Amino acid sequence: DVASCRGLKKACDEINAIDIGAAPKPMRQDRITRVQVESIIQKEFASAEVVWEGTDSCLVTALSSPTNEEAVTRVIEKEFESAPKGMRVLVGSIRLPSMPVLRHNNYSYKIATYSDQISRVYSNPRTRFAQVKVQAHDLDPSSQAVVEFIVQVNLRVEIQALVMTQTKERGERLAADSIQLEWIPFQDQVVTDPSLLVGKLLRSRLMAKGVIRTWDLTREPEVLRGDRIEAVVNSGGVRLNSVAQALEPGFIGQKIRVRLEMTKKTILAVVTARAQVEVPSL
């Protein structure tokens, strides 16, 4: 009883059948002779009379069943659940071998070997297709055969990335409520850590739901125009700390114009740190 696979003796008793041995492989034929059949019956029913009609042999054809597509899909989806943090793989569809190779419907399925067939998807997240080797394990106690086949998988890799919750213009600062994490199709140069964006300036206009990339941010000068800053003045080998006002923005290493509060004099100074400049000499 290849449909129930509950064990040879029990299955044969329930359908009043006699076990004649292992069946041929799926879609294959095997020849059984009259002598074989009579011998088998005599073992089961020693005094039974056998009436044989027809030729002295017959052909037995082993039927085959299609692969359980739903079960295979579940196994592949389960395997991809181990994707790295911040990444997920969505299985769209699968293509099974066109030739049925299974004896019945009572099989369990699993990925043949991990090797690099799954990890290759993680290392190349732009891929849309993958080939996965699957094993079908026969649950019939008399068989316990294992059939391997290749499954073509159509998939999509997604990552978590920060997107805009509202439209922001160039030069505006990003606030915590203007960004959020969402699943998007894989892209390069995206930002995933909100702490890296809050308070940053935008280089260009970004629309709501737009993905934030590293090049959308502009570097903020260490000194902004109008800032009240510390000015270290070198005068005659003596370093003096003074207070000044920045007349223009500047990055570290740049020369900018500043106005000293003490003398109201406008001079050039070099930006050395956040809100700090150094005046070479007066």
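Counting from 23, one number per residue, gives the positions in the sequence shown under my numbering. Ideal placement from N, C-alpha and C gives every residue a C-beta, glycine not left out. As the structure is a computational prediction, the values presented were derived from the model and not from experiment.
Check	Outcome
How should MET229 be labelled, buried or exposed, when 16 other C-beta atoms within 10 angstroms of its C-beta is the threshold for buried?	exposed
Roughly how many angstroms separate the alpha carbons of ILE251 and GLU270, rounded to a whole number?	12 angstroms
Given a cut-off of 8 angstroms on the beta-carbon distance, is the pair ALA134 and GLN157 in contact?	yes
From ILE274 to PRO302, what does the alpha carbon distance come to, in whole angstroms?	15 angstroms
Could you spell out the range, first to last residue, of the alpha helix (DSSP H) harbouring LYS100?	91–101
Check whether the Cβ atoms of VAL265 and LYS277 sit closer than 8 angstroms, and answer yes or no.	no
Residue range of the beta strand (DSSP E) that LYS132 falls in?	129–133
Spatial neighbours of PHE171 within its chain, please: C-beta separation below 8 angstroms, excluding the five flanking residues on both sides.	THR89, LEU118, PRO119, VAL123, LYS155, VAL156 and ALA158
Compute the Euclidean distance between the alpha carbons of LEU308 and MET284, then round it to the nearest angstrom.	Nothing in the structure corresponds to residue 308, since the chain is present only between 23 and 304.
By Cβ distance below 7 angstroms, which residues in the same chain neighbour GLU300 in space, the five residues on each side in sequence not counted?	VAL254, ALA291, VAL292 and THR294
Taking the alpha carbon of ASP78 as the reference point, which residue from GLU60, GLU71 and ALA70 has its own alpha carbon closest?	GLU60
What are the uninterrupted segments assigned as beta strand (DSSP E) that are 3 or more residues long and contained completely in the region 196–266, given in chain order?	201–207 and 250–257
Note the first and the last residue of the continuous beta strand (DSSP E) segment covering LYS155.	151–160
What three-state label does DSSP hand VAL57 in the structure shown?	helix
Taking the DSSP output, what are the residues bridged to ARG110?	GLU180
Whose C-beta lies closer than 7 angstroms to the C-beta of ALA167 among residues of the same chain, with five residues either side of it excluded?	ASP160
Go through its chain and collect everything with a Cβ distance to ARG110's Cβ below 6 angstroms, but skip five positions before and after it.	GLU180
If you count every other CB in all the chains shown that lies within 10 Å of the CB of GLU244, and 16 or more means buried, which is it?	buried
Measure the C-alpha to C-alpha separation of THR149 and ALA105 and round it to an integer number of angstroms.	15 angstroms
Just the Cα atoms here: how many angstroms apart are SER165 and ASN128?	11 angstroms
Kindly indicate the opening and closing residues of the beta strand (DSSP E) around VAL299.	298–301
Opposite GLY272 in the DSSP bridges: which residues?	VAL245
Are GLY232 and LEU196 close, meaning C-beta to C-beta below 8 angstroms?	no
Between the alpha carbons of GLN188 and ASP249, how many angstroms are there, rounded?	30 angstroms
So, at 7 angstroms on beta carbons, what are the nonlocal neighbours of PHE208 in its own chain, with the 5 sequence-adjacent residues on each side left out?	PRO147, ARG148, VAL179, GLU180 and ILE181
If the criterion is Cβ atoms closer than 8 angstroms, does the pair ARG225 and THR240 meet it?	yes
If you compare alpha carbons, which of LYS65, ILE63, LYS132 and SER86 is closest to ILE98?	LYS132
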